[in-house]
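Have a look at the structure below, then the notes.
In the numbering used here, the protein residues as written are 9 to 105.
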C-alpha cells in the first residue's frame with residue numbers, strides 16, 4: 009500500500025537516540041486512517057520517570073507489548089512506501105527508528 013504522506017509520532021524513554029528507547033509508535037495515512045499504533049516494550053530500560061511525566065507511559069503499560077525488533081519491519085515498510093513523512097520533530101522520531 010502506497011501513501012502520499014504519513015504522519016508519524018513516537019514516544020520515548022528520553023531524548024538521546026543512542027541511549028534511550030521507543031515506547032510508542034503511531035502512524036496515520038494521508039486520509040487520516042491509523043495504519044500503525046503500538047506501544048513498544050523497551051529492552052534496556054525498566055523505568056523512565058522524567059519521560060513518564062511528559063508522555064504518561066508507565067512501565068506497566070508496555071510490559072507485555074512487542075519489542076521494536078518485532079515491529080520494525082512493518083514500520084519500515086510503511087515508511088518506505090510513503091512519499092513524505094510529516095510530524096513534529098520528525099528527525100527525532102526517525103532517529104529512534
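Just so it is clear, CB atoms sit at the ideal spot from N, CA and C, and this is done for glycine as well.
Treat the numbers as computed from the prediction; the structure is a model and nothing was measured.
{"Query": "Taking a contact to mean a Cβ-Cβ separation below 9 Å, would you say residue 95 touches residue 56 in this structure?", "Result": "no"}
{"Query": "Do you know offhand how far residue 24's Cα is from residue 105's?", "Result": "12 Å"}
{"Query": "What residue does the beta strand (DSSP E) around residue 32 start on, and which one ends it?", "Result": "30-37"}
{"Query": "Pop quiz: residue 30 and residue 20 are said to be a contact at Cβ under 8 Å. What is the actual Cβ separation, rounded to whole angstroms?", "Result": "6 Å"}
{"Query": "Going by other Cβ atoms of all chains shown within 10 Å of its Cβ, with 16 needed for buried, is residue 51 buried or exposed?", "Result": "exposed"}
{"Query": "Rounded to the nearest angstrom, how far is the Cβ of residue 75 from that of residue 49, given a contact under 8 Å?", "Result": "5 Å"}
{"Query": "Take the Cβ of residue 18 as the centre, count every other Cβ of all protein chains shown within 10 Å, and call the residue buried at 16 or more, exposed below.", "Result": "buried"}
{"Query": "Runs of 4 residues minimum, wholly inside the segment 23-102: which ones carry the alpha helix (DSSP H) assignment?", "Result": "57-63, 67-70 and 76-88"}
{"Query": "In the DSSP assignment, what residue or residues form a beta bridge with residue 21?", "Result": "DSSP output for residue 21 lists no bridge partner at all."}
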